[in-house]
Amino acid sequence: QKEVEQNSGPLSVPEGAIASLNCTYSDRGSQSFFWYRQYSGKSPELIMFIYSNGDKEDGRFTAQLNKASQYVSLLIRDSQPSDSATYLCAVIMSGTYKYIFGTGTRLKVLA
Amino acid sequence: EAGVTQSPTHLIKTRGQQATLRCSPISGHTSVYWYQQALGLGLQFLLWYDEGEERNRGNFPPRFSGRQFPNYSSELNVNALELEDSALYLCASSFVGAYEQYFGPGTRLTVT
């Protein structure tokens, strides 16, 4: 099992819809979770981080964490074509404190 | 506030040569992280430096090494370059004890 897993996509959603991106992780002791957005040819940009179970909202973005089920998700409301990018989930592994990235989910928002 | 900077933007080397990549963190950040992103692959953790010390390294051979200077800037050295070392090398920085990392624009290394 990979340490951090994401569906590679592409996930296609129409403009204005909610995009839901999911990530699962293997280390039950992990405490810190991050979502990054990466446009083609660019470096990753931090969007959200979440440390506690539940939801965390920032503008159109909501991060959801469920430690019991070992998954973290990112919801993007009112999706825009400019949201089209690869979204990377990152988890800090307990013990080693290594930052492990998933391979990313490519999102396409259709105008 | 200036972000993380990296140099050079592009680097072309031949197999067997050495490459040196440089990174300057955001002002106030003491931790620097290096990642490799090969085409079609995810971000692979290479090295983590904090306060001048190597804190952790990923599953890469010893020919990948680096250091952090007193001003917290960092250098990544790749010796005996191989074709599969061709990738985008990303540097990120964070405050000590904080886990939010901020990335530089990257150095594209091409090994021919």
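Chains U and Y, in that order, give the protein sequences. Residues in the first sequence are numbered from 24 upward in steps of one, following this note's numbering. Residues in the second sequence are numbered from 756 upward in steps of one, following this note's numbering. In this text, a Cβ means the ideal position worked out from N, Cα and C, and glycines have one as well.
Amino acids of chain Y, ordered along the chain, whose beta-carbon sits closer than 8 Å to that of residue i
i: Tyr48/U; result: Within 8 Å Cβ-Cβ: nothing; Tyr48/U doesn't reach chain Y, min ~14 Å.
i: Leu34/U; result: Within 8 Å Cβ-Cβ: nothing; Leu34/U doesn't reach chain Y, min ~17 Å.
Chain-ordered chain Y contacts of residue i [CB-CB under 9 Å]
i: Leu111/U; result: Gly797, Leu798
i: Leu44/U; result: Residues of chain Y passing the Cβ test: none, with the nearest at roughly 15 Å.
i: Ser105/U; result: Per Cβ cutoff of 9 Å: no residues; Ser105/U is ~19 Å from chain Y at best.
Cβ-Cβ separation, residue j to residue i (assumed contact under 8 Å), whole Å
i: Leu34/U; j: Leu798/Y; result: Wrong, their Cβ atoms sit about 19 Å apart, outside the cutoff.
i: Asn30/U; j: Tyr94/U; result: Between Tyr94/U and Asn30/U the Cβ distance is about 12 Å, and since that is not below 8 Å, they are no contact.
i: Glu38/U; j: Leu133/U; result: 6 Å
i: Leu802/Y; j: Glu809/Y; result: 6 Å
i: Gly859/Y; j: Ser63/U; result: Between Ser63/U and Gly859/Y the Cβ distance is about 17 Å, and since that is not below 8 Å, they are no contact.
i: Tyr857/Y; j: Ala847/Y; result: 6 Å
i: Leu138/U; j: Asp106/U; result: Here chain U comprises residues numbered 24 to 134, so residue 138/U is not present and cannot be evaluated.
Within chain U, the residues that residue i reaches when beta carbons sit closer than 9 Å
i: Glu837/Y; result: The premise fails here: Glu837/Y is roughly 22 Å from chain U at the closest Cβ pair, so nothing lies under 9 Å.
Proximal residues of chain U, C-beta to C-beta of residue i below 7 Å
i: Leu845/Y; result: Ser66
i: Asn826/Y; result: Per Cβ cutoff of 7 Å: no residues; Asn826/Y is ~22 Å from chain U at best.
i: Asn811/Y; result: Thr119, Tyr120, Lys121
Closer than 7 Å at the beta carbon, the chain Y residues around residue i
i: Ser55/U; result: Tyr854
Taking one C-beta from the region 758-767 of chain Y and one from the region 72-86 of chain U each time, how about it: are there three or more such pairs within less than 8 Å? no
Relative to chain Y, which residues along the region 114-133 of chain U have a C-beta separation below 8 Å, given in chain order? Ile115, Thr119, Tyr120, Lys121, Tyr122, Ile123, Phe124, Gly125, Thr126, Gly127
Please go through the region 26-84 of chain U and give each complete beta strand (DSSP E) segment of 3 or more residues, from N-terminal end onward. 27-29, 34-37, 42-48, 55-61, 68-73, 77-81
Ignoring anything shorter than 3 residues or poking outside the region 810-863 of chain Y, list the beta strand (DSSP E) runs there in chain order. 819-823, 829-833, 842-849
Could you list the residues in the region 848-862 of chain Y with a C-beta less than 9 Å from some C-beta on chain U, going in chain order? Tyr854, Glu855, Gln856, Tyr857, Phe858, Gly859, Pro860, Gly861
May I ask you to list, following chain order, the residues of the region 779-792 of chain Y that have a beta carbon less than 7 Å from some beta carbon of chain U? Tyr788
To be precise: take each residue of the region 82-97 of chain U, compare its Cβ to all Cβ atoms of chain Y, and keep it if any distance is under 9 Å. Which residues remain? none
Are three or more beta carbon pairs between the region 100-120 of chain U and the region 833-840 of chain Y nearer than 8 Å? no
Would you list, in sequence order, the uninterrupted beta strand (DSSP E) runs of no fewer than 3 residues that lie entirely inside the region 769-798 of chain Y? 774-779, 786-792
Quick one: any contact between the region 822-839 of chain Y and the region 767-787 of chain Y, if contact means 3 or more CB pairs under 8 Å? yes
Take every Cβ of the region 776-796 of chain Y, pair it with every Cβ of the region 818-832 of chain Y, and state whether three or more of those distances are shorter than 8 Å. yes
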